[in-house]
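Protein chains in written order, with this note's numbering: chain A, 1 to 270; chain B, 271 to 549.
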Amino acid sequence: MSPAPAPGPAIECTGLRYRFGDHVAVDGVDLDVRTGEMFGLLGPNGAGKTTTIRILTTLLPVVEGEARILGLDVSKSPMQARRLVGYVPQQLSADGQLTGRENVSMFARLFDVPRRERADRVAEVLHVMNLDDAADRLASTFSGGMVRRLELAQALVNRPRVLILDEPTIGLDPVGRDTVWDRLRLLQEEGITVLITTHYMEEAEELCDRVSLMHRGRIRAMGTPTELEARLGPDATLEDVFRFYAGDSLEEGGELRDVRSTRRVARRLG
Amino acid sequence: MTFVAHGASHADSADAAIALPPSPPAWKWLGSRIATFCLAEIQRIRHDRTELLTRAIQPALWLLIFGETFDRLHAIPTGHIDYLDFLTPGILAQSGMFVAVFYGIQVIWERDAGVLAKLLVTPTPRAALVTGKAFAASIRAFSQVIVILVLARILGVHFTANPLLLVAAALAVVLGSAFFATLSLTIAGLAMTRERLMGIGQAITMPLFFASNALYPVALMPPWIRAFSVINPLSYEVNALRRLLLGTPGNLLIDFSVLLFALVLGVTVAAAILPRLVR
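Written out as structure tokens, the structure is:
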């Protein structure tokens, strides 16, 4: 058994800073996500949400500051940190040349799920994501909502302690979005810690226990949706809060590459 | 039903120390990752076999048109063996290389689709990921080799039927293709786009092929090309295949050592460069 890390918040960032050349994408972010809560990281395109998530998931190195998952320093113990995390990226990222079951099985193997448990564990997460009937179809025949649920199944097959979702309902139609929300509520009831990025205020209001508003690489506000709304006034909505902190910069930033790749994937997945 | 790890409960256990699952030993995860990526490749091939057939057309044409013609011309001195026999191991190695050199395109697609990011967030060391991908590419190359060997037999090529030698020949193809796949992954990490990778891949495959002993003996080459063929892993793969399939003189220890060294070097470089794709 590996040495146990110190107890503490599920996710903790202290003074996190990351640059792409001269551009400071994440600028001294302090963040703590409590164990068992669903936490929303909100902000316009280019706010630094995805960069923060990429650091937490070890895709980007910790250059300045600290990032911890369940007390584990992700820069010092990346392999152990990855065992604790389930990750769903922004793009619809299933392998269209494999069936739903094969997609999930591959991740079960990569997370070293014991062979004797593997088939049951894969069937279990497919069932929870309501994909039993589609499990043996090629993922290229799945709708956007089904692909997203398949990705959740992949992320859950390891029974992670922390689930990190980057814009989980982006590009989904209302039906697909609702089915994903249903599954996320189920995870919430199970008590899994979930960090979710979104710029859909309705989604944040519907799902998140607490949110933080990020803009130009910095955390501008943090609290429950109700607290943040109350700070602005009696009739304020989360969207008003968002506009208050993000100003008129919603069209700033963002990565053209992300848009292009999302379109390419959408085409490939039909 | 629970999604939470064994030994861990929910929010109420926030203060409890985390019991991390034990990490398997290095040899086990390396083997496990190679098996996982190879299995996924076999599953992809099983779901769509058309690519196998279409990709087999080009090497088949090399044997049928180039091989048959030059066999009759007797223009290339190959000692006591027929030119078609001499050419077959070269085409086997070439077809594996062609498959592997463009394997990076799949990884760039995986980058665009977010799949690569998800793979890099699993507890898989970069070197194991690259090694797994490289062997997965060689599975695709190997399946093509079977088609070419069947065709060669139909054309009357004389090669060994000894199963041990055939297995060793398969190993040479797998190692050679895996090396070229690591080369492709390295280029993918540098080129970043499919279009650039296609261009670079096309630019390097022909020099690698023609500056090897696949089509003609090294002794016929001008000295500067001969010098390049000495550092070209394809030549060692072809040497090993000729020794194993046709029984021509050669040194298998050197051939396999070079292929193994090239693969280890390729994995090391590709593992260092691959994460660039998701930054």
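Think of the CB as a built atom: it goes at the ideal place given N, C-alpha and C, for glycine as much as any other residue.
Worksheet entry | CB contact check: A:Phe39 to chain B, cutoff 8 Å | So, not an interface residue.
Distance, Cα to Cα, A:Thr50 vs A:Gly43? Cα atoms of A:Thr50 and A:Gly43: separation of roughly 10 Å, rounded to the nearest angstrom.
Just to confirm, are A:Arg115 and B:Thr392 a CB contact at a threshold of 8 Å?
No, these two residues do not count as a Cβ contact at 8 Å.
Practice task
Using alpha carbons as the reference points, say which of B:Phe372, B:Arg303, B:Gly360 lies closest to B:Arg325.
Solution key: Restricting attention to B:Phe372, B:Arg303, B:Gly360, the CA atom closest to the CA of B:Arg325 is found in B:Phe372.
* What distance in whole Å lies between the Cβ atoms of B:Leu333 and B:Leu436, which are believed to be in contact at a cut-off of 8 Å? -> The beta-carbon distance between B:Leu436 and B:Leu333, rounded to whole angstroms, is 18 Å. This is too long to meet the 8 Å contact definition.
| said: For B:Ser408, would you say it is in contact with chain A, using Cβ-to-Cβ distances shorter than 8 Å as the test? | reply: No, B:Ser408 lies away from the interface with chain A (no Cβ there is under 8 Å from its Cβ).
* To do: For A:Glu89, go through chain B and note every residue whose CB falls closer than 8 Å to its CB, in chain order.
  => Looking at the sequence itself, residue 89 of chain A is Pro, so the reference to Glu does not match. In chain order: Gly384, Ala387, Lys388.
TODO: Report the option in A:Val29, A:Gly40, A:Arg54 whose CA atom is closest to the CA atom of B:Arg549.
DONE: When the alpha-carbon of B:Arg549 is set against those of A:Val29, A:Gly40, A:Arg54, the nearest one is in A:Arg54.
Cβ-based burial, A:Glu127 [other Cβ within 10 Å; buried from 16]: One point to set straight first is that residue 127 of chain A is His, not Glu, in the sequence displayed. Result: exposed.
| message | Taking 8 Å as the threshold (beta carbon to beta carbon), is A:Leu98 in contact with chain B? | response | Closer than 8 Å: yes.
Review point. For A:Val125, which residues from the same chain have a beta carbon less than 7 Å from its beta carbon, with the 5 sequence-adjacent residues on both sides left out?
Key: These residues qualify, in order along the chain: Val104, Ala153, Leu156, Val157.
query = Does any residue of chain B bring its CB to less than 8 Å from the CB of A:Ser75?
reply = With its beta carbon at least 8 Å from every one in chain B, A:Ser75 lies outside the interface.
B:Val548 CB to nearest chain A CB: under 8 Å? B:Val548 counts as touching chain A.
Residue-level contact to chain B via CB, A:Asp112, 8 Å cutoff
A:Asp112 counts as touching chain B.
Query raised in the report: Applying a beta-carbon distance threshold of less than 8 Å, which residues of chain B neighbour A:Ser143?
Result: Result: empty, since nearest Cβ-Cβ is about 16 Å, beyond 8 Å.
* Could you spell out the range, first to last residue, of the beta strand (DSSP E) harbouring B:Gly426? => Counting along the chain, B:Gly426 sits inside no beta strand (DSSP E), nor does DSSP assign it H or E at all.
Could you have a look at B:Ala484 and say whether DSSP puts it in helix, strand or coil? In the structure shown, B:Ala484 sits in coil (DSSP, three-state: anything other than H, G, I, E or B).
inquiry  = Per the DSSP calculation, B:Val500 is bridged to which residue(s)?
reply    = Note: B:Val500 sits in no beta bridge, so no partner.
message: Cutting at 7 Å between CB atoms, please list the residues of its own chain near B:Leu522, excluding the five before and the five after it.
response: Excluding its 5 nearest sequence neighbours in each direction, B:Leu522 has C-beta neighbours in its own chain below 7 Å: Ala510, Arg513, listed in chain order.
Candidates B:Ala383, B:Ile375, B:Leu516: closest to B:Leu419 by CA position = Nearest in C-alpha terms to B:Leu419, of all of B:Ala383, B:Ile375, B:Leu516, is B:Leu516.
Using CA atoms only, rank isn't needed, just tell me which of B:Gly446, B:Gln472, B:Leu504 is closest to B:Ala411. The candidate whose alpha carbon is nearest that of B:Ala411 is B:Gly446.
Exercise for review: State buried or exposed for A:Asp132, treating a residue as buried only when at least 16 other CB atoms are found within 10 Å of its CB.
Suggested key: The residue in question, A:Asp132, is exposed, as its Cβ has fewer than 16 Cβ neighbours within 10 Å.
For the beta strand (DSSP E) containing A:Cys208, name the first residue and the last one.
Per DSSP, A:Cys208 lies in no beta strand (DSSP E) segment and is marked neither H nor E.
Exercise. Which chain A residues are close to B:Ala313, counting only those with a beta carbon under 7 Å from its beta carbon?
Worked result: Checking the sequence, you will find Gln at residue 313 of chain B rather than Ala. Counting only Cβ-Cβ distances below 7 Å, B:Gln313 has contacts in chain A at Leu98, Glu102, in chain order.
Exercise. Determine the contact status of B:Ile375 and B:Gly459, defining contact as a CB-CB distance below 8 Å.
Key: Taking 8 Å as the Cβ cut-off, B:Ile375 and B:Gly459 do not qualify as a contacting pair.
- [ ] Give the C-beta separation of A:Ala204 and A:Val194 to the nearest angstrom, bearing in mind that I take them to be a contact with Cβ-Cβ under 8 Å.
- [x] Between A:Val194 and A:Ala204 the Cβ distance is about 12 Å, and since that is not below 8 Å, they are no contact.
Does DSSP put A:Tyr18 in a helix, in a strand, or in coil?
Here A:Tyr18 sits in strand by DSSP.
inquiry  = With a threshold of 8 Å between beta-carbons, can B:Ser365 be considered close to chain A, or not?
reply    = Any Cβ of chain A closer than 8 Å to the Cβ of B:Ser365 would place that residue at the interface, and such an atom is absent.
ask   = Which same chain residues, not among the five before or five after A:Leu213, have their C-beta less than 8 Å away from its C-beta?
value = Only Leu42, Gly43, Ile219, Arg220, Ala221, Met222, Leu228, Val241, Phe242, Tyr245, Ala246 meet the Cβ criterion.
Any C-beta of chain A sitting closer than 8 Å to the C-beta of B:Asp341? No, because no Cβ of chain A sits closer than 8 Å to the Cβ of B:Asp341.
Along the alpha helix (DSSP H) that carries A:Glu124, what are the first and last residues, could you check?
Membership of A:Glu124 in the alpha helix (DSSP H) is indicated by the continuous run 115-128.
- Taking only the alpha-carbon atoms, compute the straight-line gap between A:Val88 and B:Ser527 and give it to the nearest angstrom. Cα-Cα distance, rounded: 41 Å.
| From A:Asp173 to A:Gly145, what does the alpha carbon distance come to, in whole angstroms? | Going by C-alpha positions, A:Asp173 is about 8 Å away from A:Gly145.
Enumerate in chain order the residues of its own chain whose CB-to-CB distance from A:Val33 is below 7 Å, with the five nearest sequence positions on each side excluded.
Exclusion of the five residues before and after A:Val33 leaves Pro9, Ala10, Ile11, Phe39, Thr193, Leu195 as the residues of its chain whose Cβ lies within less than 7 Å of its Cβ.
Residue burial classification, B:Ile335 (beta-carbon count within 10 angstroms, cutoff 16)
By the neighbour-count rule (16 or more Cβ atoms within 10 Å), B:Ile335 is not buried but exposed.
- Message: List, from N- to C-terminal side, the beta strand (DSSP E) runs of 3 residues or more that fit wholly inside the stretch 31-58 of chain A.
- Response: 38-42, all fully within the stretch 31-58 of chain A.
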